[in-house]
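Q: This is the structure, below, for whatever I ask next.
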Amino acid sequence: MNLHKLSCGALAALALVSTHAVAQEWPRLAGGKDVAECKAALQLAVLGHKSASVLPWTHPDAIPDDFSSDLVLGPKSTSLTGGDVPEFEPEVFTQVPLPEYKPRSIYWQTEAVDGKRLVVEEVPLGWRGDMHKVRVVDQAMTAKEYLGTDADERNARLGAPFSDGWRLPFIFRKNGDSALWLMYIAEPGGFSGNWKVYVPVAGVPKLACEIQFRPQVTQAVQLLPQPVRQLAALLERTLGKGKEESFWQPTARVRASVQQAWANAALRPWVADNPYNTRAEVDENLLAWSQQDKTNRKLYAAIQAQYAPAERALAQHYARQLRMPAEQAAAAAKTVLDTAFRMYFVINKEQY
């Protein structure tokens, strides 16, 4: 499998903050402090946290050459919009086509370990992408017996899978060992969610630890100073309720992107997201929106008044919490707040 080192661009992004500040608290292990696989996963999590990727480590390209395990199955990209097509080591997994879901497959662990083998199954769900079932089966079962007649029959006969999610797991084999361990990054929809690490016990994966990338809050903006929260609350009111929208759920998608933007603003300010619209486009349309009625004008005025206090508070946050020099903190706050602000708006570019 072609694995690459952490990109130079991601390393360059770290110049925005000191290494000491980044490593101060996050990410951290919840459980498994003496488990080798958990410590290995934490090593990858630290690289992901330091990377320039919007989500911590969204593709398997940051594995060091001297990593203690080999990646034997994983996605080419964990971006669901780009397809979650697995890459795998053929000596460890055999690809078997799924008759009812062409061109999907199952990935069959070639050699059983401790009397068990892993099976990874792709389940397409149309435009939304693929789900991924992982099952543990006895070594006596063949791939033909596993497949049976169809998916419904298979699910009824084999019962609930070990896991069933949007994310394909990253499956590793420790150097000098045949046993496999699994790492799941967070499912889509949240913000900087936990990774989970499973290690085999008598051939069956068991949860050994989780890796946390942030404090356990319900809203990402809770990680930020009060003036920033107040600005976020005002911007949230511009989105509306988003009820009875099409299946694309555009407002919900904006809210999810905003959550991740605020999480990065708090803990990973070197991350450069890419809002759809320029600041000039947003300002022009927001001003036009404000002139539609009295309620909009009042909200617009409140946003304008709150922006500068939020930027100052964010700069102070970086100076105190991430120990940035004052000038650097001010520059980072200006860039980060502008990005988060623009993430609230998706305006048709055809008018420009």
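Basically our numbering = 1-based index in the sequence shown + 745.
Don't be surprised by glycine CBs; every beta carbon is placed ideally from N, CA and C.
Within the same chain, show all residues whose beta-carbon is closer than 7 Å to that of Ala1006, passing over the 5 residues directly before and after it, in chain order.
A: To locate residue 1006, count along the sequence shown from 1; it is residue 261. For Ala1006, where only same-chain residues beyond five positions count, the Cβ hits under 7 Å are Asp1018, Thr1084, Ala1085 and Met1088.
Q: DSSP on Ser813, reduced to helix/strand/coil?
A: By 1-based counting over the sequence shown, the position of residue 813 is 68. Of the three classes helix, strand and coil, the one that applies to Ser813 here is coil, per DSSP.
Q: Between Leu1082 and Leu1059, how many whole angstroms is the CB-CB distance? I'm expecting something under 8 Å.
A: Along the sequence shown, one-based indexing puts residue 1082 at 337. Along the sequence shown, one-based indexing puts residue 1059 at 314. So it is a contact: roughly 6 Å between Cβ atoms.
Q: Going by other Cβ atoms of all chains shown within 10 Å of its Cβ, with 16 needed for buried, is Gln854 buried or exposed?
A: One-based indexing of the sequence shown puts residue 854 at position 109. Buried is the call here.
Q: In terms of residue numbering, what span does the beta strand (DSSP E) encompassing Pro933 cover?
A: Against the sequence shown, residue 933 aligns to sequence position 188. Premise fails: Pro933 is in no beta strand (DSSP E) and is neither H nor E.
Q: Could I get the ranges of all uninterrupted beta strand (DSSP E) runs contained in the segment 876-925, with 3 residues as the minimum, in chain order?
A: Segments of the beta strand (DSSP E) lying fully in the segment 876-925: 908-910 and 915-919.
Q: Find out if the Cβ-Cβ distance for the pair Ala786, Trp940 is shorter than 8 Å.
A: By 1-based counting over the sequence shown, the position of residue 786 is 41. By 1-based counting over the sequence shown, the position of residue 940 is 195. Yes, Cβ-Cβ distance for Ala786 and Trp940 is below 8 Å.
Q: With a threshold of 16 other CB atoms inside 10 Å of the CB of Phe820, please say whether the residue is buried or exposed.
A: Sequence index remark: in the sequence shown, residue 820 carries index 75 (1-based). According to the sequence shown, residue 820 is Pro rather than Phe. Answer is buried; the Cβ neighbour count reaches 16.
Q: Less than 8 Å between the CB atoms is what I'm expecting for Gly860 and Asp883, so what's the real figure, rounded?
A: Within the sequence shown, the letter at position 115 stands for residue 860. Within the sequence shown, the letter at position 138 stands for residue 883. About 7 Å; that satisfies the 8 Å criterion.
Q: Applying the criterion that 16 or more other CB atoms from any shown protein chain within 10 Å of the CB defines a buried residue, is Ala977 buried or exposed?
A: Position 232 of the sequence shown, counted from the first residue, corresponds to residue 977. Under this definition Ala977 is a buried residue.
Q: Can you tell me whether Asn1093 is buried or exposed? The criterion is at least 16 other CB atoms within 10 Å of its CB, across all chains shown.
A: Position 348 of the sequence shown holds residue 1093. Exposed, by the Cβ-count rule.
Q: Can you give the Cα-Cα distance for Leu792 and Val944, rounded to whole angstroms?
A: Your numbering for residue 792 matches position 47 in the sequence shown. Your numbering for residue 944 matches position 199 in the sequence shown. When rounded, the distance between both Cα atoms is 21 Å.
Q: Does the Cβ of Leu952 have 16 or more other Cβ atoms within 10 Å, making it buried, or fewer, making it exposed?
A: Position 207 of the sequence shown, counted from the first residue, corresponds to residue 952. Under this definition Leu952 is an exposed residue.
Q: Can you check whether the CB of Val841 is closer than 8 Å to the CB of Ala888?
A: In the sequence shown, residue 888 corresponds to position 143, counting from 1. In the sequence shown, residue 841 corresponds to position 96, counting from 1. Yes, the pair counts as a contact, with Cβ atoms nearer than the cut-off.
Q: Taking the DSSP output, what are the residues bridged to Lys951?
A: To locate residue 951, count along the sequence shown from 1; it is residue 206. Its beta-bridge partners are Val944.
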